[in-house]
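One structure below.
Protein chains: 2
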Amino acid sequence: MSEDQSENPSESDLESDVLTHVGRRTLDRKQILREAVRLIDEHGRERLTMRRLGGVLGVEAMALYRYVPGREQLLDGVVEYVMNELYEQTMTVEQPNSWQEYLQKMAHGVRDIAAAHPRVFPLVATRPPAAPWLRPPLRSLRWVESFLEGLEDFGFSGRDSVLIYRAFSTFLLGHLLLESSTVDLMDESVDEDIEFFESNRLSDYPRVQALGPQLSEDGYANEFEDSLEDLINRIQAFTE
Amino acid sequence: MSEDQSENPSESDLESDVLTHVGRRTLDRKQILREAVRLIDEHGRERLTMRRLGGVLGVEAMALYRYVPGREQLLDGVVEYVMNELYEQTMTVEQPNSWQEYLQKMAHGVRDIAAAHPRVFPLVATRPPAAPWLRPPLRSLRWVESFLEGLEDFGFSGRDSVLIYRAFSTFLLGHLLLESSTVDLMDESVDEDIEFFESNRLSDYPRVQALGPQLSEDGYANEFEDSLEDLINRIQAFTE
DNA sequence: ACCTGAACACCGTTCAAGT
DNA sequence: ACCTGAACACCGTTCAAGT
Numbered sequence: 006m007s008e009d010q011s012e013n014p015s016e017s018d019l020e021s022d023v024l025t026h027v028g029r030r031t032l033d034r035k036q037i038l039r040e041a042v043r044l045i046d047e048h049g050r051e052r053l054t055m056r057r058l059g060g061v062l063g064v065e066a067m068a069l070y071r072y073v074p075g076r077e078q079l080l081d082g083v084v085e086y087v088m089n090e091l092y093e094q095t096m097t098v099e100q101p102n103s104w105q106e107y108l109q110k111m112a113h114g115v116r117d118i119a120a121a122h123p124r125v126f127p128l129v130a131t132r133p134p135a136a137p138w139l140r141p142p143l144r145s146l147r148w149v150e151s152f153l154e155g156l157e158d159f160g161f162s163g164r165d166s167v168l169i170y171r172a173f174s175t176f177l178l179g180h181l182l183l184e185s186s187t188v189d190l191m192d193e194s195v196d197e198d199i200e201f202f203e204s205n206r207l208s209d210y211p212r213v214q215a216l217g218p219q220l221s222e223d224g225y226a227n228e229f230e231d232s233l234e235d236l237i238n239r240i241q242a243f244t245e
Numbered sequence: 006m007s008e009d010q011s012e013n014p015s016e017s018d019l020e021s022d023v024l025t026h027v028g029r030r031t032l033d034r035k036q037i038l039r040e041a042v043r044l045i046d047e048h049g050r051e052r053l054t055m056r057r058l059g060g061v062l063g064v065e066a067m068a069l070y071r072y073v074p075g076r077e078q079l080l081d082g083v084v085e086y087v088m089n090e091l092y093e094q095t096m097t098v099e100q101p102n103s104w105q106e107y108l109q110k111m112a113h114g115v116r117d118i119a120a121a122h123p124r125v126f127p128l129v130a131t132r133p134p135a136a137p138w139l140r141p142p143l144r145s146l147r148w149v150e151s152f153l154e155g156l157e158d159f160g161f162s163g164r165d166s167v168l169i170y171r172a173f174s175t176f177l178l179g180h181l182l183l184e185s186s187t188v189d190l191m192d193e194s195v196d197e198d199i200e201f202f203e204s205n206r207l208s209d210y211p212r213v214q215a216l217g218p219q220l221s222e223d224g225y226a227n228e229f230e231d232s233l234e235d236l237i238n239r240i241q242a243f244t245e
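The following block contains the structure:
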């Protein structure tokens, strides 16, 4: 799988010695962000470190500062990258026939992103937004503009669109953060659970104990679909 | 209350003879957590550091390890502390007369916590839960047990209670995380906004531009109340 | 029993210097 | 033009030593 996707013909005069880590040599912002996302996906947020990211890219950490102002902005970049990466992929198919269908598509598009990068999603949810109208998790102008455009096309007023945008954001944020943090849970907290049980005496909380199995059941998919349908119905009732 | 905030945080050699920082000398877990919360409330999550927390408590960082296994568990402790701190305060008043009233009370109780500690709330939302049935933001056995008990008292089956618990968690998480992150936004990102606008050319996104003011309006209180009422109606329709 | 000092490995970030 | 080496201030954490 050594596909040399060389869109850079001007690298031939550089003598590149070993370069084991990544196939190509020319660093750029997009490549850095892509690798940062990979790092988080594989090893979690904690492991994303300037030095480690540099290492993965075959470069000293200080080299990254040419392309990214600092660590905070790197994290913002990761959010931006993840939200835009899958925009084309999910939003480029054919036009929907109703606003209901459109919202469904949007919702599932964002959900796919969260599912593809569950360990990145908490960043999408909690990084301070660049502007108050960029509500998590729709954290790119591309998404918001597209969202508003879709509603406009189906005849919604600006005022209604704003209300829908807000309800929609809240809905997505709650569901997807809950879902992605559960996925992330599988790796750790198995031995911590024991410690937890011991110190807190679960038997003091009989209802939690009794319903524990049911509370632990997955059901996120159904919850999401049902709740989404509900939201759409609510919008329908509200706007007619 | 304690107005002893008199020193600059930017000095490294502090004379530890005088112990000006905190009135009492005996360290314990609860005191540590309380001070940790205060630190986050005032200076943000980034600033909560073992060394800095020790400093505020008039002690070397290493002393904290007697009471807390490490930084991760300290953060878990902060979540636990914040969720339990206000439990008594909000849940000890008189019994509600209907399950609707009960859910209202619960919702506002958690919302009060989020409002009291907006910079802590993202931790409540994103720390990996100790068990899958401890869904954010209801992250303590006390809350969940109380929640289930309330529903049981009003005649809900275990199965329905679980469904309600889930819908309720999602609702709270979405609304409160959005709300608290907006509050936290006031401090920073004013100069970053400019940078942001420049690189992204807001004029390429006419609908966002046109609706920007409306999208930036607050309205969180109304959203919360309306959405909560909706949720309750939904539950009512579902369970009869 | 509780806290400190010193040490270790690892951070983010800067800046002059290399190529 | 782009990257590195060395340095700085600051982390979390361990552990033997102090009191």
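As they're listed, the protein sequences go chains B and P.
Note that the working numbering gives residue 15 to position 10 of the first sequence, counting from 1, and the numbers run on in steps of one.
Note that the working numbering gives residue 70 to position 65 of the second sequence, counting from 1, and the numbers run on in steps of one.
Backbone N, C-alpha and C fix where the C-beta goes; we use that ideal spot for every residue, glycine too.
Proximity to residue i [Cα-Cα], best of the options
i	options	result
valine 83/P	Ala242/P, Met96/P, Leu233/P, Leu58/P	Leu58/P
glutamate 77/B	Tyr92/B, His48/B, Leu128/B, Arg39/B	Leu128/B
histidine 122/P	Val188/P, Leu168/P, Asp46/P, Gly224/P	Asp46/P
leucine 32/P	Arg56/P, Leu44/P, Tyr72/P	Tyr72/P
serine 208/B	Leu79/P, Glu150/P, Ile240/P, Leu177/P	Glu150/P
serine 185/B	Ala226/B, Trp148/B, Leu220/B, Pro218/B	Ala226/B
glutamate 99/B	Glu85/B, Leu69/B, Gly155/B, Tyr70/B	Gly155/B
leucine 236/B	Leu168/B, Pro218/B, Ala130/B	Leu168/B
arginine 34/B	Gln105/B, Leu69/B, Arg116/B	Leu69/B
glycine 217/B	Ser221/P, Gly217/P, Ser166/P	Ser166/P
alanine 135/P	Ala41/B, Ser221/B, Pro101/B, His48/B	Ser221/B
glutamate 230/B	Glu65/B, Arg116/B, Gln219/B	Arg116/B
Exposure label - residue i; buried when at least 16 CB within 10 Å
i	result
alanine 215/P	exposed
aspartate 158/B	exposed
glycine 75/P	exposed
phenylalanine 243/P	exposed
asparagine 238/B	exposed
glutamine 241/B	exposed
arginine 56/P	exposed
glutamate 85/B	buried
serine 2/P	Because residue 2/P is not part of the residues shown, which for chain P are 6 to 245, the question remains open.
threonine 97/B	exposed
methionine 67/B	exposed
arginine 206/P	exposed
arginine 164/B	exposed
glutamate 245/B	exposed
glutamate 234/P	exposed
Heavy atom of the ligand MN within 6 Å of residue i beta-carbon
i	result
threonine 187/P	Looking for the ligand MN in the displayed structure turns up nothing, as the structure carries no ligands at all.
Beta-carbon proximity check, residue i vs residue j, cutoff 7 Å
i	j	result
threonine 187/B	leucine 183/P	no
leucine 146/P	tyrosine 210/B	yes
isoleucine 118/B	leucine 91/B	yes
arginine 39/B	methionine 88/B	no
glycine 224/P	leucine 178/B	no
aspartate 81/B	arginine 124/B	no
Whole-angstrom C-beta distance between residue j and residue i, which should lie under 8 Å
i	j	result
leucine 126/B	leucine 181/B	In the sequence as presented, leucine is not what sits at residue 126/B; that position holds phenylalanine. Their Cβ separation, rounded to whole angstroms, is 6 Å, which keeps phenylalanine 126/B and leucine 181/B in contact under 8 Å.
glycine 114/P	threonine 95/P	4 Å
phenylalanine 161/P	leucine 108/P	Rounded, the Cβ-Cβ distance is 11 Å, inconsistent with contact.
arginine 171/P	glutamate 51/B	With 8 Å as the limit, arginine 171/P and glutamate 51/B do not qualify as a contact, their Cβ atoms being about 29 Å apart.
leucine 79/P	alanine 41/P	6 Å
Discussion item. For the region 137-144 of chain P against the region 50-66 of chain P, do three or more pairs of beta-carbon atoms, one drawn from each stretch, fall closer than 8 Å, so that the two count as touching?
Written reply: Not touching, per the Cβ criterion.
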